[in-house]
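Here's the structure we're looking at; comments come further down.
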Amino acid sequence: MKENKIFKTSFASVYPYYIQKAERKNRTKEEVDQIICWLTGYSIIELEKKIDNNVDFETFFNQAPKINPNSSLIKGVICGIRVEEIEDPLMQKIRYLDRLVDELAKGKVMDKILRN
2 MKENKIFKTS FASVYPYYIQ KAERKNRTKE EVDQIICWLT GYSIIELEKK IDNNVDFETF
62 FNQAPKINPN SSLIKGVICG IRVEEIEDPL MQKIRYLDRL VDELAKGKVM DKILRN
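Just remember that this note's numbering sits 1 ahead of the position in the sequence shown, which is counted from 1.
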């Protein structure tokens, strides 16, 4: 099976797009960081190190301290595919993050985004 090229894409190269998407809808970089840290278990300092070290998505998620157990509650469609039905665990985590940033940009409150 051919590996998806997003797996080897630098997380740091996509991160600014997450920020831009949120800021276009009057949300903040801090909220995006909060979402990423909630999903992955990284602290803000660890997140910044991963970005500075230019790690790829595969490394970013494989080295994540702890994927939030409530991430399985993330539902919805990204690029025409239901995130809860994605079979590849790495692709599912990437799409979870995409979905969370989408929810932020759509104006959802943080408690609902973070499945509290």
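The beta carbon of each residue, even a glycine, is placed where N, CA and C say it ideally should be.
DSSP three-state label for Asp57, please.
Translated into positions along the sequence shown, residue 57 becomes position 56. Strand, per DSSP.
If you pair each beta-carbon of the segment 54 to 61 with each one of the segment 26 to 36, do three or more pairs fall below 8 Å?
By the Cβ criterion, the segment 54 to 61 is not in contact with the segment 26 to 36, since fewer than three pairs of Cβ atoms, one from each stretch, lie closer than 8 Å.
Assess, as a yes-or-no matter, whether the segment 13 to 30 is touched by the segment 92 to 109 under the definition of 3 or more beta carbon pairs within less than 8 Å.
Three or more beta-carbon pairs drawn from the segment 92 to 109 and the segment 13 to 30 are found closer than 8 Å, and the two stretches are therefore classed as touching.
I believe Ile79 touches Arg96 by the beta-carbon criterion, under 8 Å. Please report the beta-carbon distance rounded to the nearest angstrom.
Walking along the sequence shown from the start, residue 79 turns up at place 78. Walking along the sequence shown from the start, residue 96 turns up at place 95. Confirmed, Cβ separation roughly 5 Å.
Using CA coordinates, which residue listed in Glu86, Ala106 and Thr29 is at the minimum distance from Ser73?
By 1-based counting over the sequence shown, the position of residue 73 is 72. Answer by Cα proximity: Glu86.
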